[in-house]
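Notes to accompany the following structure.
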Amino acid sequence: MTRLSPADLLSLGSLGIRTRRLRAALSALGIALGIATVIVVTGIPASSQQALLDELTALGTNLLRAQPTQRSDNPVLLPESSVAMVRRIGPVTAAAAVANTHARVRRNDLLDPGHSSDLTVLAATAGLLDAVNGKIASGEFLPRPDFPSVVLGNVAAARLGVQNAGEHPAIFVGDRWFTVVGVLAPLPLAPDLERSVLVGWDAARTQLGFDGHPTVVYVKAREESIEDVRAVLPVTLYGEIPGLVQVSRPSDALAAKRATQNSYSALFLGLAGVALLVGGVGVANTMVISVLERRSEIGLRRALGATRGHIRAQFLTEAVLLSGLGGLAGTALGTLGVTGYATLHRWPVVIPLPVLACGVLAAFVVGAAAGLYPSIRAARLTPTQALSA
């Protein structure tokens, strides 16, 4: 039996598409809309989900706060190396500490030394903003930890009358002047820092007599390991009596985030399957009609020596090409639709790469399945049956 070369098979398979362009376009449109629907019903919910997950993450789903139990008789002192010890825990991604220096802060040195502004002066390590998802509203965050400079929480800045850190005003902390180098934006995850005056760790030691023991340690860890990190923090920070270290429990937003991830996945699969089935039925219908209309062509080719296998391969290739073109068009159409919709709602654009790859692959598979019966039916026609039609 003579075998068709791939080039000849491709030419024969595309014959129906080239000679009946309008019908081919309408048929490809069916599978294109099916694939586009697959991408849209996965991409838009995925983008919406990612926007929601980003909002939940901003609520501190991966943040823990550890501090010693308050005791008046024998205070618990965390080790000076607490931050370094915590960073050695595998799933930890960021760690920082603050400590109460018990210093007083005044707008200037003319105020009564006993004046209380109800603000706390805290020594802060360099990675504090990263650990609490903080941002600077103006200025910068303690560029030199050993320099007598401060960063003000937004509430502290308002009470001290500091509006813009770029002007580098000075305030009186303890018994000396400190330059204001930054003002923090609101901190939803650490509201106590909004009422604080933050001093560099080394500057607090040399200028304010700070002893170097942290009072609060902030820890960020990978979400899937947050419970494990919480369990080992007390032992890490105070191995003598771990029960004297209090660690906050993971945020309720973490449970909401995990529930959200699970609920969306089933929805994606159901909608995508229905959309793809609709496209496949359209291609199958088109190929059956094509066989009926081209019986004379089939009979002529059989009379000229084409075998059943040649006819079967021709129509099967045509169905696969038709679906493949529709799949590529649908992928582009669906991608544009998701991008436009997500951009309009200011969501991150999320189109899972496996969905794009599977969309095109599914188009070819659906085309092959849809063209299988019509190709077999065409191959069964004898030359006399086909020509008599």
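In this note's numbering, the protein residues as written are 822 to 1210. C-beta: ideal position from N, C-alpha, C; glycine also. Quantities reported herein were computed from a predicted structural model and do not represent experimental measurements.
The three-state secondary structure of Trp-1168, taken from DSSP, is coil. Residue environment analysis places Glu-1139 among the buried positions, since at least 16 neighbouring C-beta atoms fall within 10 angstroms of its C-beta. Ranking Ala-1150, Ala-1153, Pro-1169, Val-942 by CA distance to the CA of Thr-1036 puts Val-942 first. Three or more beta-carbon pairs drawn from the stretch 996-1010 and the stretch 952-964 are found closer than 8 angstroms, and the two stretches are therefore classed as touching. Taking C-beta atoms as the reference points, Val-913 and Val-1050 count as a pair closer than 8 angstroms.
The beta carbon of Phe-1185 is closer than 8 angstroms to those of Val-1141, Ser-1144, Gly-1145, Gly-1148 in its chain, skipping five residues each way along the sequence.
Taken through DSSP and simplified to helix, strand or coil, Pro-1055 comes out as helix. Per the Cβ contact rule, the stretch 1044-1064 is not in contact with the stretch 986-1000 (fewer than 3 Cβ pairs under 8 angstroms).
The Cβ neighbour count for Val-1056, taken over all protein chains shown within 10 Å, is under 16; the residue is labelled exposed. DSSP, reduced to helix, strand and coil, places Arg-886 within a strand of the structure shown. Put simply, the backbone Cα of Gly-1180 is about 25 angstroms away from that of Leu-873. Proximity of the stretch 942-951 to the stretch 1020-1035 meets the contact definition, three or more beta-carbon pairs being nearer than 8 angstroms.
Residue range 1066-1068 is occupied by the beta strand (DSSP E) that includes Gln-1067. Looking only at Gly-1151, Leu-843, Val-926, the smallest Cα-Cα distance to Leu-854 is reached by Gly-1151. Judged by DSSP in its simplified three-state form, Ala-917 adopts strand.
In the DSSP assignment, Arg-997 falls within the beta strand (DSSP E) that extends over 997-1005. With a 10 Å radius around the Cβ and a threshold of 16 neighbouring Cβ atoms, Gln-1028 comes out buried. When DSSP states are grouped into helix, strand and coil, Gly-960 belongs to the strand group.
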